[in-house]
DNA sequence: GCCGCGACCGAACGATCGTGCTAATCCCCG
DNA sequence: CGGGGATTAGCACGATCGTTCGGTCGCGGC
């Protein structure tokens, strides 16, 4: 890997951590540069606009998310066990990755949902990929017999997503120590409702 | 009402709309002033710092939220009917109030969850009030017999919150037209699980 | 009728922002 | 080991930010 690529990765990793707290728009090229011990223009040269930097950060975050949540869950058995693995990796993945500002995607989603442009498109693309992967996992659980046949994979994925959003909200803003416990409780209820009885 | 008070309200109402899209930090005193046809310093004089403006906007939003969601629901019968009323007013309250950027509190929560200070404190206070009001409504539903005795009001309130968060996420970022339908489906499941069978 | 005060304005400040341009330096390949 | 593209630095620009200050206008009470 060339030197420039190494630097670029270092920039993106740091920018991702920074954006998790200040937001993508709160990223400052100058601050980023001094944090990494380089010049503003030197950093800027790697991307040719701030918008391109945002896009690169989002795509980098998507890769890291996939590696931290989806990849390890693929080692679990197909069906319900894999879904349990996904949830257990999903909840708290931000803390585990050392993101000081909580879930990167939740912050980006709220910030970009009403701002058309390349960053929003990149975010939607990555989130759609994840949504499809989730639905697929649920579909497998249905066809393997873990879940009843009437379970709608996309609805299940939506409900799962809401549970995770609720976890981050309660955990980070309201400082609810029982947030994780509450989220898992909701997940159990969701699973019980979908499972054959 | 004094002239200054009228102006102040106009500022806060406009700032709230603006903050729903650009975020609280994205508020610009200069832009706000020109939008309202007044000078930067004239607007600034009403609050003596941007932080104070943020706090005032949050408190104003809390009042408007209460009036738009809680007050009309109090006319519904105690117990489950009132909870149904709350949910139907809660989902989509931002659109109904003409907030162009979706739920003000969801945006503020993600933005302020890791930024200590007066704005965060004001937000947490308002959200805790709402959480308590929600729990109380559920408690009434339990004691009135609409819900089973084992239902935990705070868990129910948490689950409700997650459903609304999921709705805004799917609706605004992913542009899922079935977001409302999905949220109501999840709500029905939540109610069914809590109701006497 | 004059005084006082609330309400607002205009101009300016230092700081920081993203973004060019040019030159120096480094690293990799032949 | 030497040449050349890749990488980084230095400097400056226009714009915008929150904030300060001094001043003006109008209205209500003694």
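Chains as they are written, first to last, in my numbering: chain S, 1 to 197; chain R, 198 to 394. For glycine and all other residues, C-beta sits at the position ideal for the given N, C-alpha and C.
Exposed unless 16 or more other CB atoms sit within 10 angstroms - verdict on residue i
i, result
"residue 51 of chain S", "exposed"
"residue 308 of chain R", "buried"
"residue 146 of chain S", "buried"
"residue 150 of chain S", "exposed"
"residue 179 of chain S", "buried"
"residue 333 of chain R", "exposed"
"residue 39 of chain S", "exposed"
"residue 268 of chain R", "exposed"
"residue 42 of chain S", "exposed"
"residue 279 of chain R", "buried"
"residue 354 of chain R", "buried"
"residue 16 of chain S", "buried"
"residue 199 of chain R", "exposed"
"residue 284 of chain R", "buried"
"residue 69 of chain S", "buried"
First through last residue of the alpha helix (DSSP H) which encompasses residue i
i, result
"residue 158 of chain S", "153 to 168"
"residue 42 of chain S", "40 to 44"
"residue 100 of chain S", "That residue, residue 100 of chain S, is in no alpha helix (DSSP H); it is neither H nor E in DSSP."
"residue 286 of chain R", "277 to 287"
"residue 324 of chain R", "315 to 340"
"residue 69 of chain S", "Counting along the chain, residue 69 of chain S falls outside any alpha helix (DSSP H), and DSSP gives it neither H nor E."
"residue 210 of chain R", "200 to 219"
"residue 390 of chain R", "376 to 391"
"residue 227 of chain R", "226 to 232"
Among the options, the one whose alpha carbon lies nearest that of residue i
i, options, result
"residue 325 of chain R", "S:136, S:94, S:169 and S:160", "S:169"
"residue 391 of chain R", "R:379, R:349 and R:380", "R:349"
"residue 264 of chain R", "R:317, R:327 and R:320", "R:327"
"residue 143 of chain S", "S:33, S:103 and S:79", "S:79"
"residue 172 of chain S", "R:320, R:229 and R:374", "R:320"
"residue 245 of chain R", "R:205, R:299, R:322 and R:317", "R:205"
"residue 10 of chain S", "S:102, S:114, S:22 and S:35", "S:35"
CB-CB length for residue i against residue j, believed under 8 Å
i, j, result
"residue 155 of chain S", "residue 243 of chain R", "The Cβ separation is near 47 Å, so there is no contact."
"residue 282 of chain R", "residue 291 of chain R", "Not quite, the Cβ-Cβ distance comes to about 18 Å (not below 8 Å), so this is no contact."
"residue 254 of chain R", "residue 216 of chain R", "6 Å"
"residue 183 of chain S", "residue 167 of chain S", "4 Å"
The ligand ZN heavy atom lying under 6 Å from the CB of residue i
i, result
"residue 162 of chain S", "Here there are no bound small molecules, and the ligand ZN is not part of this structure."
Next item on the list: Using a Cβ-Cβ cut-off of less than 7 Å, give me the residues of the segment 347 to 379 of chain R that come near chain S, in sequence order.
Entry: 352, 355, 356, 358, 359, 360, 362, 363, 366, 367, 369, 370, 371 and 379
Check: When you check each C-beta in the segment 90 to 119 of chain S against every C-beta of chain R, which residues fall closer than 8 Å?
Finding: 100, 101, 102, 106, 107, 109, 110, 111, 112, 113, 114 and 115
Check: Name the residues in the segment 120 to 139 of chain S whose C-beta lies less than 9 Å from a C-beta of chain R; which are they?
Finding: Under the 9 Å Cβ criterion, the segment 120 to 139 of chain S contributes 120, 123, 124, 127, 128 and 131.
Check: Can you list, in chain order, the residues of the segment 233 to 259 of chain R whose Cβ is nearer than 7 Å to any Cβ on chain S?
Finding: none
Checklist line | chain R contacts from the segment 10 to 28 of chain S (Cβ-Cβ distance under 9 Å) | finding: 20, 21, 22, 23, 25 and 26
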